[in-house]
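A.B. asks: This is the structure I want to talk about, given as structure tokens.
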Amino acid sequence: AWKYVVHYATTGEARWAPTKCWAWPADDRSAITTGHGTSATYSNLQYGGIYSHPDDYYTSPYLHQCKLPGLAPNTRYFYRVAHERFGPTFDFVTPPPPASKFPFTFAVMADVGQTKYSRATFASAKNLFDRLPYSTLVFPGDLSYADGDQNSWDTFADLATPLLAHVELIATPGNHEVERQEAFVAYQARYAPGELWHVEKRGPVTFITLSSYSAYLPGSSQYRWLQATLDEVDRRITPWLIVQFHAPIINSNSAHQGEAEAMRVAMEPLLFKHRVDLIFNGHVHSYERIYPIFNFTRNECGPTTVIIGDGGNRERAASNWIYPQPEWSAFREASFGFGFLTITSPTQANWTWVRNPFPDYDFPDEFVPHTDPALDSIVIDRSACDSRLHAGLVSA
Numbered sequence: 163a164w165k166y167v168v169h170y171a172t173t174g175e176a177r178w179a180p181t182k183c184w185a186w187p188a189d190d191r192s193a194i195t196t197g198h199g200t201s202a203t204y205s206n207l208q209y210g211g212i213y214s215h216p217d218d219y220y221t222s223p224y225l226h227q228c229k230l231p232g233l234a235p236n237t238r239y240f241y242r243v244a245h246e247r248f249g250p251t252f253d254f255v256t257p258p259p260p261a262s263k264f265p266f267t268f269a270v271m272a273d274v275g276q277t278k279y280s281r282a283t284f285a286s287a288k289n290l291f292d293r294l295p296y297s298t299l300v301f302p303g304d305l306s307y308a309d310g311d312q313n314s315w316d317t318f319a320d321l322a323t324p325l326l327a328h329v330e331l332i333a334t335p336g337n338h339e340v341e342r343q344e345a346f347v348a349y350q351a352r353y354a355p356g357e358l359w360h361v362e363k364r365g366p367v368t369f370i371t372l373s374s375y376s377a378y379l380p381g382s383s384q385y386r387w388l389q390a391t392l393d394e395v396d397r398r399i400t401p402w403l404i405v406q407f408h409a410p411i412i413n414s415n416s417a418h419q420g421e422a423e424a425m426r427v428a429m430e431p432l433l434f435k436h437r438v439d440l441i442f443n444g445h446v447h448s449y450e451r452i453y454p455i456f457n458f459t460r461n462e463c464g465p466t467t468v469i470i471g472d473g474g475n476r477e478r479a480a481s482n483w484i485y486p487q488p489e490w491s492a493f494r495e496a497s498f499g500f501g502f503l504t505i506t507s508p509t510q511a512n513w514t515w516v517r518n519p520f521p522d523y524d525f526p527d528e529f530v531p532h533t534d535p536a537l538d539s540i541v542i543d544r545s546a547c548d549s550r551l552h553a554g555l556v557s558a
């Protein structure tokens, strides 16, 4: 059974409302589960403020964590929160337990920000939820683009609610979560309480989240944690191993080229040794899928890398590609969108990237033509990789 946590905020007269929520299965309105929890605020200096000036501090709304115990896995529930007992009703799907049956679908987006393109990305992912209810959104960094304007975290929450009210979020910090005051304060208070690197198991997947903006060299806390976590993964239970972090260790765009080389040198051998299947990154504001690779050379047991920093932020699409296109770069496009993965077996998954439905872009002095296919859709086949042979999941 899941202890599902609903995150929400209260302001104004409702800020004193107790942390309370109610959920019931889609097929049984009478089987109500009541949840309770805690609420808290946080404060951070506004961009341009002075620490000795109290008026320069921002204080958040009350942020609630309402825990719903004993929910059935892989089940659709409806819910309400305390201050809106008779208000809007939302729904979510609880994640499947480790080693559950196939298929398992989750969505991925990054570098979303707050523009009309951001709104389109959220809307497209919500349309997918309406057609194919999924439990989980993986988000490899750069959420609100607040960059020190703390009120922008509130407006981002409003923008994201039509999607995030329905899915759980597994996020990693990007460079825009560092902000310009105390790093990661708003990000952790709102979307990632606890450590900046963490592990979750959902259905057939072990998700490992790393931080590009914390120490990661051998001997660091994060590196030692990654070693221990990889050693504990049981591929018989979760045959798929997926890692996310913000800055890509390989890409064929001139943007952020080579920026994460030290992380690649430190961690790529470890990820390859443990046969990581997929890596999700953001940071570069375009979409690119890279063939399975190790040390800049195609290798069928290396991870497929997906750079999906095309969520729609204000900094434009990154269209300065390196030519000729490297042989390890499978597909690339400078536009906005999101993707989703459906895992169908211990060794196969269907990956789909969907471009947002905008014919052009109205950033000043920039037009990005659409000459590539409207989407990138492939079957990822990992049957040749020996991690599953050793686990007895695939016959040799």
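FYI, this note's numbering numbers position 190 of the sequence shown as 352, with every residue one higher than the one before it. The beta-carbon is built from N, C-alpha and C at its ideal position, and this holds for glycine as well.
#1: By Cβ distance below 6 angstroms, which residues in the same chain neighbour Val255 in space, the five residues on each side in sequence not counted?
#2: Locate the alpha helix (DSSP H) running through Ser314, then write down its first and last residues.
#3: With DSSP collapsed to three states, give me the class of Asn289.
#4: With a threshold of 16 other CB atoms inside 10 Å of the CB of Thr561, please say whether the residue is buried or exposed.
#5: For Leu432, which residues of its own chain have a beta-carbon under 7 angstroms away from its beta-carbon, when the five flanking residues on both sides are left out?
#6: Report the three-state DSSP secondary structure of Gly473 (helix, strand or coil).
#7: Using the three-state DSSP reduction, which class does Thr467 fall into: helix, strand or coil?
#8: Roughly how many whole angstroms lie between the Cα atoms of Pro180 and Ala244?
#9: Considering only the alpha carbon of each residue, which of Ala261, Ala345, Phe284 lies closest to Ser205?
#10: If you draw a straight line from the alpha carbon of Thr533 to that of Arg478, how long is it in whole angstroms?
#11: Tell me which same chain residues have a C-beta within less than 7 angstroms of the C-beta of Lys229, skipping the five on either side of it?
#12: Would a check of beta-carbon distances place Asn337 closer than 8 angstroms to chain C?
#13: According to DSSP, simplified to helix, strand and coil, what is Glu450?
#14: Whole angstroms are fine: how far does the CA of Lys182 sit from the CA of Phe493?
#15: Starting from Ala348 and walking both ways along the beta strand (DSSP E), at which residues does that stretch end?
#16: With the cut-off set at 8 angstroms, would you say Tyr279 and Phe498 are in Cβ contact?
#17: Between Tyr378 and Tyr241, what straight-line distance do the alpha-carbon atoms span, to the nearest angstrom?
#18: Assign Gln276 to one of three DSSP states: helix, strand, or coil.
#19: Give the straight-line distance between the Cα atoms of Asn475 and Gly275, rounded to the nearest whole angstrom.
#20: Quick check: what's the CA-CA separation for Pro355 versus Pro223?
#21: Can you name, in chain order, every residue of its own chain whose Cβ lies under 8 angstroms from the Cβ of Thr267, other than the five neighbours on each side?
#22: Work out the CA separation of Ser539 and Asn512 for me, nearest whole Å.
#23: When you compare only the Cα positions, how much space is there between Trp315 and Thr277?
#24: Using DSSP bridges, identify the partner residues of Asp253.
#25: Just the C-alpha distance for Val147 and Thr334, rounded to the nearest angstrom, thanks.
#26: Can you tell which of Tyr349, Val270, Pro216, Asp309 has its C-alpha closest to the C-alpha of Gln406?
C.D. replies: A quick look at the data gives this:
#1: Only Arg238, Pro295, Ser297 meet the Cβ criterion.
#2: 313-326
#3: helix
#4: Residue numbering for the chain in the displayed model covers 163 to 558; residue 561 lies beyond these limits and cannot be assessed.
#5: Leu388, Gln389, Leu392
#6: coil
#7: Thr467 sits in a strand when the DSSP states are folded into three classes.
#8: 7 angstroms
#9: Ala345
#10: Note that Thr533 scores 46 on pLDDT, short of 50, meaning its location in the model is unreliable and no value can be drawn from it.
#11: Lys165, Val167, Gly197, His198, Gly199
#12: The chain labelled as chain C is not found in the depicted structure, where only one protein chain is given.
#13: Taken through DSSP and simplified to helix, strand or coil, Glu450 comes out as strand.
#14: 46 angstroms
#15: Element bounds for Ala348: not the beta strand (DSSP E) but the alpha helix (DSSP H), 347-352.
#16: yes
#17: 40 angstroms
#18: coil
#19: 4 angstroms
#20: Distance from the CA atom of Pro355 to the CA atom of Pro223, rounded to whole angstroms, is 16 angstroms.
#21: Leu294, Tyr296, Phe502, Leu503, Thr504, Ile505
#22: Rounded to the nearest angstrom, the two C-alpha atoms are 7 angstroms apart.
#23: 14 angstroms
#24: BP columns for Asp253 point to Phe240.
#25: No answer is possible for residue 147: the residues shown for the chain start at 163 and end at 558.
#26: Val270
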